[in-house]
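So for the sequence shown, my numbering puts the first residue at 44; every next one is plus one. Everything below concerns the one structure shown next.
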Amino acid sequence: MITDLKTLIDTCKQELHDREYHAHHADILIKEWDAVLQWFSHRGVSEFGQDIGYKY
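Written as C-alpha cells, this is what we have:
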C-alpha cells in the first residue's frame, strides 16, 4: 500500500488521466488533493495512515 501522500496523489492523478475523467471533475479532485498536501506540509507530515487521516 502506498503511504507517501505525494506518491499516492500522483498515482491518483495518473488514474484520472488514464480513465479520461472529464476535466471539470478532475480539477475538483485535484484541488482537494492539493489542499490535503498543503495541510500535511504545514504539519510536517508526508506519510498517510489511519491516525493522520482521522486528524485531517
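Cβ coordinates follow ideal geometry from the N, Cα and C atoms, glycine included. Treat the numbers as computed from the prediction; the structure is a model and nothing was measured.
Legend entry - Leu80 beta carbon less than 8 Å from that of Lys49: Here the question's residue 49 lines up with position 6 in the sequence shown. Here the question's residue 80 lines up with position 37 in the sequence shown. Yes, the pair counts as a contact, with Cβ atoms nearer than the cut-off.
Legend entry - Cut-off 8 Å between Cβ atoms - residues of its own chain near Glu90, not counting five sequence neighbours on either side: In the sequence shown, the residue the question calls residue 90 occupies position 47. Counting only Cβ-Cβ distances below 8 Å, and skipping sequence neighbours, we find Thr46, Asp47, Leu48.
Legend entry - Local conformation of Glu63 per DSSP, three classes: Counted from its first residue, the sequence shown places residue 63 at position 20. Correct three-state label for Glu63: coil.
Inset, instruction - Give the range of the alpha helix (DSSP H) segment to which Asp94 is assigned. - result: Looking up residue 94 in the sequence shown gives position 51. Asp94 -> alpha helix (DSSP H) spans 93-98.
Inset, instruction - Kindly examine the ligand PLP and report whether one of its heavy atoms sits closer than 7 Å to the Cβ of Arg62. - result: Because no ligand of any kind appears in the structure shown, any question about the ligand PLP cannot be addressed here.
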